[in-house]
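Each residue of the sequence shown is one higher than the one before, counting from 5 in the numbering used here.
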Amino acid sequence: LLRADKHGTIVPGTPPILATLGLAERQWHYQVLGIESRYFRAIGCADALIEKAKAMGQCWLKGIGAAQQLKRQTD
5 LLRADKHGTI VPGTPPILAT LGLAERQWHY QVLGIESRYF RAIGCADALI
55 EKAKAMGQCW LKGIGAAQQL KRQTD
């Protein structure tokens with residue numbers, strides 16, 4: 005979308021952002037709807053949440069189970 009009040013553009017031919025991130029539209033929708041209910045501090049795949057928890061010195065983050073369930077549903 006080009007708008008006069010926006011700076012910059014996305015070059016034609018650029019892959020859609022979800023494809024760039026490696027996410028299916030269904031996955032993204034599920035995760036976004038889960039902010040503050042299924043996810044709290046971080047959002048992403050289970051592996052990324054586990055790594056984030058480790059980096060924060062924690063054993064877990066809210067949302068790891070939801071991310072694992074989502075992966076099973078999309079496999």
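Where is the CB? At the ideal position from N, CA and C, for every residue including glycine.
- Task: State the beta-bridge partners of Tyr43 as determined by DSSP.
- Result: As a position in the sequence shown, residue 43 is number 39, starting the count at 1. Per DSSP, Ile39.
- Determine the closest residue to Gln72 out of Lys58, Gly61 and Ile54, with distance taken between C-alpha atoms. Along the sequence shown, one-based indexing puts residue 72 at 68. When only C-alpha atoms are compared, the closest one is Ile54.
- Item | Gly67 versus Pro19, Ala28, Tyr34 and Leu27, residue with shortest Cα-Cα distance | For the purposes of this step, residue 67 is taken as the residue at position 63 of the sequence shown. Ranking Pro19, Ala28, Tyr34 and Leu27 by CA distance to the CA of Gly67 puts Tyr34 first.
- When the Cα atoms are used, what is the spatial distance from Val36 to Arg30? The residue you call residue 36 lines up with position 32 of the sequence shown. The residue you call residue 30 lines up with position 26 of the sequence shown. Cα to Cα, the separation comes out at about 10 Å.
- Local conformation of Leu65 per DSSP, three classes: One-based indexing of the sequence shown puts residue 65 at position 61. In the three-state DSSP reduction, Leu65 falls in the coil class, being neither helix nor strand.
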